[in-house]
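Right, one structure below, let's go through it.
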Amino acid sequence: MKKHLDMLMSYGIEHDLFDESAVSLVQDRLIAIFELPKGTFSRRQALPGLDVILEPILDHAEENNLYEPKTLAERDAFEALVMDAMMPGPETVKARFGDLYEIDPNRATKMLYDLSKAVNYIKSERLKKNISWTHQSRYGALQMTINLAKPEKDPKDIAKARLNVQENIEGRPKCPLCKENERNYYNARMNLRIVPIELGGETWHFQYSPYLYYNEHAIVLSDEHRPMAITGRTFVYLFDFIDRFPDYFIGSNADLPIVGGSILNHDHFQGGKHVFPIEKATVIRSFDKGNVRIEHLQWPLSTIRLRSKDRIPLTDYATAFLDHWRNYDNPDLDIQSHTDGVSHNTVTPIARKKGDVYELDIIFRNNRTTDRYPDGIFHPHKDVQHIKKENIGLIEAIGLAILPGRLKHELKTILTSLKEHEPKLPSNLARHAMWYDQLRERATVRTHDDLLEEVGKKFVRVIEDAGVFKLDEKGIEAMHHLIEDVL
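Residue numbers (the numbering used here): 35 to 521.
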């Protein structure tokens with residue numbers, strides 16, 4: 035263990051987690067965690083990757099019952115505890131971020147991003163397992179990912195979480211996004227560092243996601259644990275953010291079930307440095323009002339883009355579109371804004387800057403269900419849920435598919451069955467039965483890439499199902515009437 039801890043500390047020095055003057059302090063912290071006698075630190079050279087260094091250390095912890103239960107999630111939590119012993123504390127990171135921001139916002143975000151990777155808060159090695167490709171569609175090149183980095187929850191972890199809730203353990207954050215997660219053992223956040231930023235005159239917090247879905251995937255969370263809410267204030271927050279970080283985009287999940295993200299109980303945004311397919315969408319028609327241009331995009335989810343050099347009228351028009359949409363009804367298109375006083379209409383907004391021009395994409399969403407569509411009228415329908423059943427949140431709405439990890443093995447079995455001319459799939463893949471019959475009949479899938487192409491076609495259907503104004507004559511006409519009503 036001395037050799038392994040020496041390697042870990044050498045890694046920490048090499049990655050500027052601490053300097054030589056703090057060796058004794060860091061060593062004391064580590065030997066306290068592992069209940070080991072203190073020895074003499076020996077600097078190691080030619081270090082392997084962090085995961086290789088950590089593996090025997092975490093194995094030792096498991097074998098010596100230093101954490102329970104023995105699951106991947108708990109192993110991650112213990113690993114975060116170990117990394118926290120070597121890294122700068124929250125206040126130091128906040129001060130460093132603030133100093134760098136005054137020089138250059140990009141230097142500040144790079145510092146936090148590099149630190150989050152160096153301490154393995156961002157799971158860089160696991161992210162390499164993801165399967166990614168591009169699918170060419172009539173909406174442009176869609177970005178496809180089978181997510182293998184984020185592990186599914188172990189039943190033991192679920193049982194422990196349930197017990198913790200029942201016991202109301204002091205210090206446990208209310209949700210995975212609360213600011214109290216910073217340097218907190220729960221949710222494996224001991225190595226998390228967040229920094230405060232001001233949006234709309236309020237305190238928010240900036241951090242990175244441990245499972246990057248795209249470059250510099252950031253999360254911006256409200257200081258207060260409060261539910262997601264899309265209002266006129268939302269656009270102020272978004273524009274304030276891109277004024278502070280003009281090289282980043284920022285967007286929000288919708289604030290209603292089915293069309294929102296997986297966390298609706300804590301107001302937050304997602305941002306980063308990434309060009310999504312929606313940015314390259316072509317324009318069906320433009321409308322000009324003063325110094326604001328409104329564009330109806332050729333995009334499967336019903337989207338308008340507002341553009342202007344002046345954010346004030348942009349905010350006003352965005353709020354007007356939101357208010358109008360909240361009460362918009364169109365029975366011919368199955369759009370109903372309320373049922374017995376329950377609201378169905380909301381939006382998914384995305385903001386970015388292109389030079390001195392502000393851009394705001396507004397995606398119109400509706401979460402109504404019916405007997406025919408119990409999962410949602412504008413949600414992936416039954417015939418595509420074998421590929422994607424989960425909510426279509428912000429990231430997928432703008433063209434990046436995050437598909438379930440189960441598909442890796444399921445697609446392998448499907449391809450083998452096609453090659454061997456099997457009449458049916460194994461019973462555990464019954465969800466794909468109808469699709470498999472179609473693939474067999476067409477007989478065009480011969481390689482893994484051919485099958486990924488077919489998955490891409492299914493994802494196109496997934497996001498088309500989520501569009502409230504279909505891109506046919508009736509849908510386009512209705513969208514243009516809505517725009518004209520607001521203008």
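Idealized CB from N, CA, C, for every residue including glycine.
Practice problem: Answer with yes or no whether the minimum CB distance from ILE253 to chain C is below 9 Å. | Solution: You won't find chain C in this structure, because it holds only one protein chain.
Quiz item: Is the beta carbon of LEU149 less than 9 Å from the beta carbon of LEU51?
Solution: Closer than 9 Å, so yes.
Quiz item: Taking C-alpha atoms, which residue in ILE426, ILE137 and GLU102 lies nearest to ARG278?
Solution: Closest in C-alpha terms to ARG278, from the list ILE426, ILE137 and GLU102, comes ILE137.
Quiz item: How many angstroms separate the CA atom of LEU255 from the CA atom of THR382?
Solution: LEU255 and THR382 have their C-alpha atoms some 16 Å from each other.
Quiz item: How many angstroms separate the CA atom of LYS504 from the CA atom of GLY295?
Solution: Taking the straight line from one Cα to the other gives about 22 Å.
Quiz item: Between the stretch 392-402 and the stretch 334-350, do three or more beta carbon pairs fall short of 8 Å?
Solution: Note that the stretch 392-402 touches the stretch 334-350; at least 3 beta-carbon pairs, one per stretch, sit closer than 8 Å.
Quiz item: Secondary structure at TYR351, three-state DSSP: helix, strand or coil?
Solution: Three-state DSSP puts TYR351 in a helix.
Quiz item: What number of angstroms, rounded off, separates the C-alpha of LYS323 from the C-alpha of PRO347?
Solution: For LYS323 and PRO347, the distance between alpha carbons rounds to 10 Å.
Self-check item: Identity of the residues DSSP links to TYR392 by a beta bridge
Solution: The partner list for TYR392 (beta bridge, DSSP) reads SER342 and LYS387.
Quiz item: For THR179, which beta-bridge partners are listed by DSSP?
Solution: DSSP lists SER166 and ILE436 as partners of THR179.
Practice problem: Grab me the residues of GLY501's own chain with a C-beta within less than 6 Å of its C-beta, minus the 5 sequence neighbours each way, in chain order. | Solution: So the qualifying residues of the chain are PRO334, LEU335 and SER336.
Practice problem: Could you have a look at HIS482 and say whether DSSP puts it in helix, strand or coil? | Solution: In the three-state DSSP reduction, HIS482 falls in the helix class (H, G or I).
Self-check item: Minimum C-alpha distance to PHE283 - residue among GLU96, ALA252, HIS302 and LEU182
Solution: Closest in C-alpha terms to PHE283, from the list GLU96, ALA252, HIS302 and LEU182, comes ALA252.
Quiz prompt | Contact check, LEU84 vs ILE65, beta carbons under 9 Å | solution = Between LEU84 and ILE65, the C-beta gap is not smaller than 9 Å, which leaves the two residues out of contact.
Practice problem: Helix, strand or coil for ASP188, going by three-state DSSP, please let me know. | Solution: Note on ASP188: pLDDT 45, under 50, position unreliable in the model; the coordinate value appears next. Collapsing the DSSP output to three states places ASP188 in coil.
Quiz item: For GLY439, which residues from the same chain have a beta carbon less than 7 Å from its beta carbon, with the 5 sequence-adjacent residues on both sides left out?
Solution: Hits under 7 Å: ILE180, ASN181 and LEU182.
Exercise. Quick one: measure Cβ to Cβ for LEU434 and GLN177, integer angstroms, because I've assumed they're closer than 8 Å.
Key: With a beta-carbon spacing of about 4 Å, LEU434 and GLN177 fall inside the 8 Å limit used to define contacts.
Practice problem: Please list, in chain order, all residues of the same chain as HIS420 whose beta carbon is under 7 Å from its beta carbon, the five residues on each side excluded. | Solution: Same-chain partners within the cutoff: ARG465, HIS466 and TRP469.
Quiz item: Is DSSP giving TYR282 helix, strand or coil here?
Solution: TYR282 sits in coil when the DSSP states are folded into three classes, being neither helix nor strand.
Quiz item: Between THR403, ILE67, PHE269 and LEU88, which lies nearest to THR373 when the distance is taken from Cα to Cα?
Solution: THR373 has its Cα closest to that of THR403, out of THR403, ILE67, PHE269 and LEU88.
Self-check item: Endpoints, the alpha helix (DSSP H) within which SER44 is located
Solution: Going by DSSP, SER44 is part of the alpha helix (DSSP H) stretching over 36-48.
Quiz item: Does DSSP classify ARG63 as helix, strand or coil?
Solution: The answer is helix: DSSP assigns ARG63 an H, G or I state.
Quiz item: In its own chain, which residues sit with a C-beta less than 6 Å from the C-beta of VAL229, not counting the 5 before and 5 after it?
Solution: Spatial neighbours of VAL229 in its own chain (CB-CB distance under 6 Å, excluding positions within 5 residues in sequence) are listed in chain order as LYS128, PHE131 and PHE240.
Quiz prompt | Where the beta strand (DSSP E) through GLY305 begins and ends | solution = Run containing GLY305: 302-306, per the beta strand (DSSP E) assignment.
Quiz item: Among LEU463, PRO460, HIS455 and ASP499, which has the Cα closest to the Cα of THR478?
Solution: Selected option, being the one with the closest Cα: HIS455.
Exercise. Would you identify the three-state DSSP class for ILE228, choosing helix, strand or coil?
Key: Coil at ILE228, not helix or strand.
Quiz item: What is the DSSP secondary structure of TYR173, reduced to helix, strand or coil?
Solution: Note: TYR173 maps to coil in three-state DSSP.
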